[in-house]
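Taking my numbering, the leading residue of the sequence shown gets 27, the next gets one more, and so forth. Everything below concerns the one structure shown next.
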Amino acid sequence: MRMRYYSRKTAKAGVSQRVALYCYHGAELDEDGNPFVATNVGYTIEEALCGFDHLEQINWAAQKNAKLLMHGILAVDHRQSPDEMMACGVRWAEGTLGRFDLPYLVTLHAPPPDGDHRNWHLHILWSYRPMVRTGDHEWDVGEMLRTDLDNPKAMKAFREMFAAVMTDMSYEAGQNQVWTAKSNADRGLPHEPQVHLGGAKTNMARNGEYVAENEDNHERVMRSKAAVIDDALRHADVVLTKAQIVARSLTRRFARLPMLAMPVPQRVASALMSVNAEIYSVAPPLSILTIDVPAVPPIRPEATRFVGSMPVRERNIVKRATAAPSLSGCPAATPRPARIEIANLRNWRLPPLASNREPNVKLPAIAKPATVSKVPFSTQAPVLRSVYKRDQSIEPPRPVRPMIPQLSEFATSWTRPDFADTDTLERVLARIEAERKRDEKRRNSEEEISVRAAQASEAAASQQATTQPQPTEPRAGKSNSLKNAWHLARAKRLKAMIDWDEAERPVGGALRQPGRAIEGPGEKQEDKNSSSQSPFPRWPGQGVSE
Numbered sequence: 027m028r029m030r031y032y033s034r035k036t037a038k039a040g041v042s043q044r045v046a047l048y049c050y051h052g053a054e055l056d057e058d059g060n061p062f063v064a065t066n067v068g069y070t071i072e073e074a075l076c077g078f079d080h081l082e083q084i085n086w087a088a089q090k091n092a093k094l095l096m097h098g099i100l101a102v103d104h105r106q107s108p109d110e111m112m113a114c115g116v117r118w119a120e121g122t123l124g125r126f127d128l129p130y131l132v133t134l135h136a137p138p139p140d141g142d143h144r145n146w147h148l149h150i151l152w153s154y155r156p157m158v159r160t161g162d163h164e165w166d167v168g169e170m171l172r173t174d175l176d177n178p179k180a181m182k183a184f185r186e187m188f189a190a191v192m193t194d195m196s197y198e199a200g201q202n203q204v205w206t207a208k209s210n211a212d213r214g215l216p217h218e219p220q221v222h223l224g225g226a227k228t229n230m231a232r233n234g235e236y237v238a239e240n241e242d243n244h245e246r247v248m249r250s251k252a253a254v255i256d257d258a259l260r261h262a263d264v265v266l267t268k269a270q271i272v273a274r275s276l277t278r279r280f281a282r283l284p285m286l287a288m289p290v291p292q293r294v295a296s297a298l299m300s301v302n303a304e305i306y307s308v309a310p311p312l313s314i315l316t317i318d319v320p321a322v323p324p325i326r327p328e329a330t331r332f333v334g335s336m337p338v339r340e341r342n343i344v345k346r347a348t349a350a351p352s353l354s355g356c357p358a359a360t361p362r363p364a365r366i367e368i369a370n371l372r373n374w375r376l377p378p379l380a381s382n383r384e385p386n387v388k389l390p391a392i393a394k395p396a397t398v399s400k401v402p403f404s405t406q407a408p409v410l411r412s413v414y415k416r417d418q419s420i421e422p423p424r425p426v427r428p429m430i431p432q433l434s435e436f437a438t439s440w441t442r443p444d445f446a447d448t449d450t451l452e453r454v455l456a457r458i459e460a461e462r463k464r465d466e467k468r469r470n471s472e473e474e475i476s477v478r479a480a481q482a483s484e485a486a487a488s489q490q491a492t493t494q495p496q497p498t499e500p501r502a503g504k505s506n507s508l509k510n511a512w513h514l515a516r517a518k519r520l521k522a523m524i525d526w527d528e529a530e531r532p533v534g535g536a537l538r539q540p541g542r543a544i545e546g547p548g549e550k551q552e553d554k555n556s557s558s559q560s561p562f563p564r565w566p567g568q569g570v571s572e
């Protein structure tokens with residue numbers, strides 16, 4: 027990745043159109059003959075040229091050393107197709123510039139015929155001033171530049187984003203190659219950076235002319251190759267040294283072991299022994315004799331002839347009755363195996379067995395074996411017998427009887443208060459409200475008395491300081507006078523609080539109503555409202571504030 031910019035000091039007017047035309051004319055053509063060009067400034071190359079020229083004029087008028095245009099050249103992988111190369115450039119431009127509403131132009135250039143066939147590269151033009159197309163040859167240009175993207179850190183981020191795009195495209199193309207944004211020095215490679223010649227010097231070098239920068243680049247390439255070979259040899263020496271150290275340690279370890287005679291297996295010993303065996307000649311082939319066997323005629327069976335008839339003997343078949351013998355009583359119980367119970371870990375109760383209390387069925391007696399009467403068929407299903415004779419039906423649940431302790435001996439004569447009485451509630455609420463107001467009034471009075479006493483002491487001290495001359499030397503009586511003034515103010519404050527408390531104390535046990543004046547000494551306590559003399563009980567609906 028190689029970056030450069032055209033400024034107002036170094037470039038002439040119209041540089042944006044010239045560079046854009048150079049990128050457009052050198053673009054590679056696709057199968058349909060269209061150039062590989064992508065831009066967000068206009069739909070046609072004419073509109074894009076007009077937009078970049080308009081942007082150049084605004085940047086030109088902004089400041090004297092303004093950056094008119096940014097030009098970047100990005101190398102791409104020659105193993106990919108032109109469509110994939112162009113997709114890399116568009117993804118990078120849209121991810122780094124387009125999302126900030128910055129204008130850009132991307133073109134794909136193929137390597138020249140007389141150059142390196144791997145020299146596929148992208149040309150990208152952009153500006154750091156936002157510009158959005160609003161209509162045909164109409165744009166909305168920003169007032170401020172995106173200076174936060176014009177710094178070395180942003181350039182490093184641009185390189186990392188392009189490496190990420192190249193890696194993604196490599197995996198999509200099936201190459202599975204990871205690209206990095208680090209330089210050769212950061213990767214620890216001994217390659218030296220080369221000097222970019224430019225178009226003019228490159229043509230001179232191709233024509234056979236002497237170019238100092240080109241010769242310097244060749245020397246750097248040779249030094250880089252030698253450094254790579256030297257680094258590979260150094261790495262091989264390190265690996266060989268480690269292998270030799272391991273082999274020597276193993277040799278010393280086995281040298282300290284005693285030499286023991288290892289027994290040879292019998293199979294190996296017998297295989298290695300020489301066996302003297304006689305050599306037998308090849309046996310002659312066996313003689314073959316031909317034996318003629320006479321043919322045996324086939325056996326033909328003759329037809330069976332009936333000489334006489336065989337007598338058929340009658341068989342005495344005993345006819346059995348279709349009914350069982352007559353029974354005088356209940357049929358005997360059929361022996362059955364005992365009932366098998368399966369253990370249940372959850373202790374669930376098994377369902378009860380069916381009851382077998384059915385009336386005994388008596389079969390009628392058969393008079394003669396020849397004439398057997400049929401047994402009447404019962405319409406009810408037969409009931410299975412059980413080995414248990416007791417009734418196993420589920421018992422009905424027992425009623426739950428609550429256990430109520432008899433506490434008559436602990437009962438007392440106490441009765442709960444009747445809070446439904448309105449007089450009681452009124453008295454309680456009135457007393458609580460009166461106490462709250464009295465406490466609040468007392469706190470306010472204490473605060474006012476404290477403030478007045480402090481102000482009076484400060485005024486007295488300031489007046490005394492102004493009337494009496496200040497001594498040049500500190501005297502011992504000064505602290506005593508301040509203490510006496512403080513004690514005097516404190517005594518006044520306490521006396522005022524005691525007087526106020528005596529004046530606010532209720533007379534005769536009655537609560538004072540808010541808003542009443544305090545009676546002076548010798549005055550009788552009279553009030554039109556009888557609630558002040560006898561506050562309790564009070565009529566329903568009569569509050570304290572009445």
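Beta carbons are placed, not taken as given, at the ideal position from N, Cα and C, and that holds for glycine.
Under the three-state reduction of DSSP, which class applies to W526: helix, strand or coil?
helix
Per DSSP, what are the beta-bridge partners of K93 in this structure?
Partner residues in the beta bridge of K93, as assigned by DSSP, are S33.
Answer yes or no: do A479 and R519 have a C-beta to C-beta separation smaller than 8 angstroms?
yes
Helix, strand or coil, according to DSSP, for G40 in the structure here?
coil
Return helix, strand or coil for H222, following the three-state DSSP convention.
coil
Do the stretch 159 to 166 and the stretch 110 to 117 make contact, defined as three or more Cβ pairs closer than 8 angstroms?
no
May I have the straight-line CA-CA distance separating K268 from A258, to the nearest angstrom?
16 angstroms
Alpha carbon to alpha carbon, how far is D127 from G168?
9 angstroms
Is any heavy atom of the ligand PLP found at a distance shorter than 7 angstroms from the C-beta of V132?
Absence of the ligand PLP is noted for the structure shown, with no ligands found whatsoever.
Check H104 in the structure and name its three-state DSSP category.
Coil, per DSSP.
I need the boundaries of the alpha helix (DSSP H) containing A253, first residue and last residue.
Boundaries of the alpha helix (DSSP H) around A253: A238 to A281.
Determine which residues share a DSSP beta bridge with E164 and list them.
G161
Where does R469 fall in DSSP's three states?
helix
State yes or no: is the C-beta of E54 within less than 8 angstroms of the C-beta of A119?
No.
Can the beta-carbon of L131 be found closer than 8 angstroms to that of R34?
no
Going by the CB atoms, is the gap between R117 and Q201 shorter than 8 angstroms?
no
Please classify I255 as buried or exposed, where buried requires at least 16 other C-beta atoms within 10 Å of its C-beta.
exposed
At what residues does the alpha helix (DSSP H) containing L81 begin and finish?
In the DSSP assignment, L81 falls within the unbroken alpha helix (DSSP H) covering I71 to A88.
Please report the straight-line C-alpha distance between V12 and L455, rounded to a whole angstrom.
This structure leaves residue 12 out entirely; the chain is present only between 27 and 572.
Rounded to a whole number of angstroms, what is the C-alpha to C-alpha distance between T498 and I475?
Confidence at T498 is low in this model, with a pLDDT of 49, below 50, so the placement of that residue is unreliable and no value is reported for it.
Considering only residues of the same chain and omitting the five flanking positions on each side of G52, which have a CB-CB separation below 6 angstroms?
Excluding positions up to five away in sequence, the list reads H135.
Can you have a look at G40 and say buried or exposed, based on whether 16 or more other CB atoms are within 10 angstroms of its CB?
exposed
Could you check how far apart the C-beta atoms of R28 and I99 are, in whole angstroms? I think they sit under 8 angstroms.
5 angstroms
Determine, using beta carbons only, whether N470 comes closer than 8 angstroms to chain B.
As a matter of chain content, chain B is missing from the structure shown, which is built from one protein chain.
Does I150 come out as helix, strand or coil in the three-state DSSP assignment?
strand
Would you grab the beta carbon distance between A515 and S483 for me? Rounded to a whole angstrom, and I think it's under 8 angstroms.
Correct: roughly 4 angstroms between the Cβ atoms.
For I325, name the three-state secondary structure that DSSP assigns.
coil
Tell me the DSSP bridge mates of V132?
A64 and I150
Taking the alpha carbon of M187 as the reference point, which residue from L123, V237, P138 and Y154 has its own alpha carbon closest?
L123
Below 8 angstroms between beta carbons: does that hold for F184 and T133?
No, the Cβ-Cβ distance between F184 and T133 is not below 8 angstroms.
Assuming R188 is part of the alpha helix (DSSP H), what are its boundary residues?
Looking at the sequence shown, residue 188 is not Arg but Phe. Start and end: P178 to A199.
Are the CB atoms of G115 and L148 nearer to each other than 8 angstroms?
yes
Where does V398 fall in DSSP's three states?
Confidence is the limiting factor: at V398 the pLDDT is only 47, short of 50, which leaves the residue's position unreliable and the question unanswerable from this model.
What would DSSP say about G234, mapped onto helix, strand or coil?
Under the three-state reduction of DSSP output, G234 falls in the coil class, being neither helix nor strand.
Does the distance from the CB of C49 to the CB of L175 come in under 8 angstroms?
no
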